[in-house]
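> In the numbering used here, the protein residues as written are 316 to 587. Just so it is clear, CB atoms sit at the ideal spot from N, CA and C, and this is done for glycine as well.
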Amino acid sequence: MTLYISWSALRTHEECKQKGYLKREKKSAPMANTRIFFPGTVTDRVVRDWLRNEPAENVGGMPDMVSSIIERERDAILEKGDTMLWKDKSDRDQVEKECREAVSKIEPALLKYVVPFRYQADFRFKAPIKVSHPAGGTELVVINGYMDIIVQDDLDRYWVWDVKHTRNNEYYKKTAGQIGVYDLAVEIMFGKPTVMSGLLQPLATPMVKRIPTSGEFRSQLMQRVAGMANDVWTEDRTPRADTSECTYCEVKHACSRFTPVKSSGSRRITLI
Ligand code: SF4
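1. Any heavy atom of the ligand SF4 closer than 7 Å to the beta-carbon of GLU560?
2. For the pair the stretch 513-524 and the stretch 417-433, tell me if three or more CB-CB distances fall below 8 Å.
3. Could you tell me whether any non-hydrogen atom of the ligand SF4 is closer than 7 Å to the CB of LYS342?
4. Would you check whether the ligand SF4 has a heavy atom nearer than 7 Å to the C-beta of VAL566?
5. In or out: TYR563 buried (at least 16 other Cβ within 10 Å) or exposed?
6. Identify, in the order they occur along the chain, each residue of the same chain with its Cβ nearer than 8 Å to the Cβ of MET522, setting aside the five sequence neighbours on each side.
7. Helix, strand or coil: how does DSSP classify LEU470 here?
8. Which one of GLY375, VAL410 and GLY396 has the shortest CA to CA distance from ILE351?
9. According to DSSP, is VAL362 part of a helix, a strand, or is it coil?
10. Which one of GLU531, VAL430 and LYS489 has the shortest CA to CA distance from ASN368?
11. Output the distance between the C-alpha atoms of ARG339 and VAL496, rounded to the nearest integer angstrom.
12. Mind reading off the beta-carbon distance from MET365 to GLN493? Whole number of angstroms is fine, and I expect it under 8 Å.
13. To the nearest whole angstrom, what separates the beta carbons of ARG363 and ASP437, a pair I think is in contact under 8 Å?
14. For the candidate residues GLU485, GLN467 and ASP477, whose alpha-carbon lies nearest to that of PRO508?
15. Applying the 10 Å Cβ sphere with the 16-neighbour rule, what's the burial state of HIS480?
16. Quick check on TYR563: does DSSP put it in helix, strand or coil?
17. Do LEU337 and the ligand GTP come close, with the Cβ less than 7 Å from some heavy atom?
18. For ASN483 and GLY451, what's the separation of their Cα atoms in angstroms?
19. Kindly give me the distance between the Cβ atoms of LEU536 and LEU499, rounded to whole angstroms, as I take these residues to be in contact under 8 Å.
20. Is GLN538 a contact residue of the ligand SF4, with contact defined as CB to any heavy atom under 7 Å?
21. Give the single residue among LYS395, THR398, ARG360 and PHE532 whose Cα lies nearest to the Cα of SER383.
22. Quick one: measure Cβ to Cβ for ASP463 and TRP474, integer angstroms, because I've assumed they're closer than 8 Å.
23. Any Cβ of chain C within less than 8 Å of the Cβ of PRO449?
24. Near SER447, which residues of its chain fall below 6 Å by C-beta distance, leaving aside the five closest residues on each side in sequence?
25. Roughly how many whole angstroms lie between the Cα atoms of GLU565 and PRO554?
26. Under 7 Å from any heavy atom of the ligand SF4, does the C-beta of ARG588 make it?
27. Secondary structure at VAL540, three-state DSSP: helix, strand or coil?
28. Applying the 10 Å Cβ sphere with the 16-neighbour rule, what's the burial state of HIS568?
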């Protein structure tokens, strides 16, 4: 059975195999409050919707999209059963102001690095590889996920951009794995890696932040994906060695360290 592995699933599995397993089994508790992620979601969606609707004919149009997308995205969160609470009476206005600033500042970069070329916003990818199975032979593993923006330039080269709503100039240091997975997926799908990958972070400096990629890092990522596949196939769900990340873990209520559970048997599992 095909195994699907996203960057998020790989990162969680490497943080704690028990947590990775429980999240694959959809045991996460509903998020207490999604407010911390909300401005980033709004900025992403405004950029995506603008890029999908003749951006060259709507230059300067993104700020006026912010208010309605705040309402639409908040409704979507509430419909899913998650929570999105404003901090206080002025919080919604503050979020709108921040997002208007972000989408105003990002537009010149989009007009330079994206709009002149072939591109897709919110690109859903599936990059298949063969991995040795512990029972013998190989099995298909699919690296999957979404790229905020993939560009194919006029020299048939690929670029990938991730939009980050952050004021932290050091945030890029946390993104090497995510960008590396996109770069690897591009190589698997199109036969060549990206020539440029990085962040468009309109509230940070520099706004256009390239993240280096390399053949060596792509090889390491392949090994990490194969390692996770092997753990899933052998049902290795070992809780992390220390408890430093356990206090606010979203699957703690179901964790075998705190609530011993019976094994579900030896069936193979597909990640979604
Ligand atoms: S509570 Fe701790 S050990 Fe259990 S799944 Fe979460 S991080 Fe892992």
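This is what the structure gives:
1. GLU560 Cβ: within cutoff of the ligand SF4.
2. yes
3. no
4. yes
5. exposed
6. LYS420, ILE421, ALA424, LEU515 and GLN516
7. coil
8. VAL410
9. helix
10. VAL430
11. 19 Å
12. Sequence check: residue 365 is Trp here, not Met. TRP365 to GLN493, Cβ: 23 Å. No contact.
13. 5 Å
14. GLN467
15. Result: buried.
16. coil
17. This structure simply doesn't include the ligand GTP; it includes the ligand SF4 instead.
18. 47 Å
19. 5 Å
20. GLN538 Cβ: outside cutoff for every heavy atom of the ligand SF4.
21. ARG360
22. The pair is not a contact, with the Cβ atoms about 12 Å apart (cut-off 8 Å).
23. Among the protein chains of the structure shown there is no chain C, as only one such chain exists.
24. THR453.
25. 14 Å
26. Residue numbering for the chain in the displayed model covers 316 to 587; residue 588 lies beyond these limits and cannot be assessed.
27. helix
28. exposed
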